[in-house]
Amino acid sequence: MLKISEIYTKKQFNNMRKCWNVTLNKSLENNIFLTWEKMAPSVNLIEKESTLKILCASEETELIGIAPFRKTRKSLKGNFGYNIIEPLTNGNTDYSGLLITKQEVQCVQKFLTHLFQQKDWDLITIPDLPQASPTLELIKLYSKELPRFKVEKGVICPYVEIPDSEEDLLSSLKPKFRRNLQRRLRKLEKEQGNVEIKHYYELGSLENAMQIFFRLHQKRWIRKGESGVFEKQKAREITMQTTKFFAERNWLRLHFLTVNNRPVAASLDLEYGGKMYGHLAGFDPDYSKYSVGNILLLKILNQCVKKELSEYDFMQGDESYKFDWTQKYRQNMNVKFFNRKFSSMMISLGLMGTQLIDLCYKELKKVKNLKSSK
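Taking this note's numbering, the leading residue of the sequence shown gets 33, the next gets one more, and so forth.
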């Protein structure tokens, strides 16, 4: 018989490290964003408005399911508060999901029954589920029973299927892009010197390499007049903690493109389950005329070929540079539904009203901008 329990303290979570990843390795969904190592920094740095709400499904002594959630207090305009259950790493991940090894339908049913027996939440939202996610399909089975159930399209995630050879990789690129890339690499070598790809451990400590990465990432965005991901200290702390955990498991692939041993571009990549995930990148804008970001990416993809990996996942975002490398992408989906209590239904109406006001504001702003441009 399945039994549902809750994990709500950091100590309980930390004690789960081994059994968490054992469960993940047997799970229908198994990606690096569902690992204990990815979750840990979000637990350690959890906001005061949030509490852990990790559901565990056990069959006798065997852990067969984990729903990695947190409960967060939010408010509508007018300071009317409500509680939302969301993924533990929400806002700091590209993919979410549930860890379930067997009795999939029963696990999801038990999770939902357990939640609906409680009155301390109003809305459950699970964004960033891959379109082919088993979690999505399992939740859909109960869609008629879930108040105001909605599935919406989220962001797209382009990816490159890794070919058998470096020659095949080059030939898969558009001719003009391929020629420009090769020409700029030759120009960089001729005008600047020795060009190499290096791993973080070749630059000293992980801490030192990460500071170089942060600097390159921020330098590019500051040059564009924008703040960048790592302007806030908390973003740096979460990323630093995560990379330390990933490095311990040999999943971290922090690549640098160096010119005469000087780092001019960086890519924070993750290797897991036969795939490479392109997490974040940055480059020195002083070298932008050489397309150093693309040169580094070419060298990373060549390494993927040598390792016989199946794909390079660009993850979230439809940035134009990604489509120089591929035309393939997957769609993330966002799921949400409400509690059955009356106050939660009122919250749903309030949220709909807020969204409508925001939409009207955006449309009015567009009209004003259009008039001012004439």
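Note that CB positions come from ideal geometry on N, CA and C, so glycine has one too.
Remember, predicted model here, so these are calculated numbers, not experimental data.
Asked, Found
"When we look at the beta-carbon of Y114 and count the other beta-carbons within 10 Å, is it buried (16 or more) or exposed?", "buried"
"How many angstroms separate the CA atom of K70 from the CA atom of T274?", "6 Å"
"Tell me which residue opens and which closes the beta strand (DSSP E) that M365 is part of.", "Y361 to F370"
"Taking all protein chains shown into account, do 16 or more other C-beta atoms lie within 10 angstroms of the C-beta of Y322, making it buried, or fewer, making it exposed?", "buried"
"May I ask you to report which of helix, strand or coil DSSP gives N63?", "coil"
"Look up A420 in the DSSP assignment and give the residues it is bridged to.", "With the chain running from 33 to 406 in the structure shown, residue 420 is simply not present."
"Please go through the same chain and pick out, in chain order, the residues whose beta-carbon is closer than 6 Å to the beta-carbon of T290, but skip the five residues on each side of it.", "E228 and K230"
"Please report how far the alpha carbon of E199 lies from the alpha carbon of N334, in whole angstroms.", "9 Å"
"Taking just the CA atoms, how far does K266 sit from S90?", "34 Å"
"Decide if T192 is buried, meaning its Cβ has at least 16 other Cβ atoms within 10 Å, or exposed.", "Reading off the sequence shown, one finds Val at residue 192, where the question assumed Thr. Counting Cβ neighbours within 10 Å, V192 comes out buried, since at least 16 surround it."
"Indicate the three-state DSSP secondary structure (helix, strand or coil) for M308 in the structure shown.", "strand"
"Which same chain residues, not among the five before or five after K12, have their C-beta less than 8 Å away from its C-beta?", "Given a span of 33 to 406 for the chain in the structure shown, any question on residue 12 remains unanswerable."
"Mind reading off the beta-carbon distance from A298 to A313? Whole number of angstroms is fine, and I expect it under 8 Å.", "7 Å"
"Ends of the beta strand (DSSP E) at F260?", "It is worth fixing the name first, because residue 260 is Gly in this sequence and not Phe. It is not in any beta strand (DSSP E) - G260 carries neither H nor E in the DSSP assignment."
"Between the alpha carbons of V261 and Q250, how many angstroms are there, rounded?", "8 Å"
"In terms of residue numbering, what span does the beta strand (DSSP E) encompassing I117 cover?", "F112 to P119"
"Are the segment 128-137 and the segment 328-347 touching, with three or more C-beta to C-beta distances below 8 Å?", "no"
"Determine the contact status of F3 and L300, defining contact as a CB-CB distance below 9 Å.", "This structure does not reach residue 3, given that the chain is present from 33 up to 406, and the question cannot be answered."
"Going by CA-CA distance only, name the one from V75, I188 and V296 that's closest to E351.", "I188"
"Tell me whether the segment 35-44 and the segment 70-89 touch, counting them as touching only if at least three CB pairs, one residue from each stretch, are closer than 8 Å.", "yes"
"The alpha helix (DSSP H) spanning S82 covers which residue range?", "Premise fails: S82 lies in the beta strand (DSSP E), S82 to E91, not in any alpha helix (DSSP H)."
"Given a threshold of 16 other Cβ atoms within 10 Å of its Cβ, counted over all protein chains shown, does G129 qualify as buried or as exposed?", "buried"
"Are the CB atoms of L84 and K103 nearer to each other than 9 Å?", "yes"
"Looking only at its chain, what residues have a beta carbon closer than 7 Å to the beta carbon of W68, apart from the 5 residues adjacent to it on each side?", "M48, R49, W52 and N53"
"In angstroms, rounded to a whole number, what distance separates the CA positions of T125 and Y232?", "22 Å"
"Taking C-alpha atoms, which residue in I36, F101 and Y174 lies nearest to E94?", "I36"
"Provide the residue span of the beta strand (DSSP E) that contains D345, from first to last.", "E343 to D345"
"What are the boundary residues of the alpha helix (DSSP H) that I229 is part of?", "Note, I229: premise wrong, no alpha helix (DSSP H); beta strand (DSSP E) at V227 to H231."
"So does R281 have its beta carbon nearer than 8 Å to some heavy atom of the ligand ZN?", "Absence of the ligand ZN is noted for the structure shown, with no ligands found whatsoever."
"So for R281, helix, strand or coil by DSSP?", "coil"
"Give the single residue among Y304, K58 and F370 whose Cα lies nearest to the Cα of Q150.", "F370"
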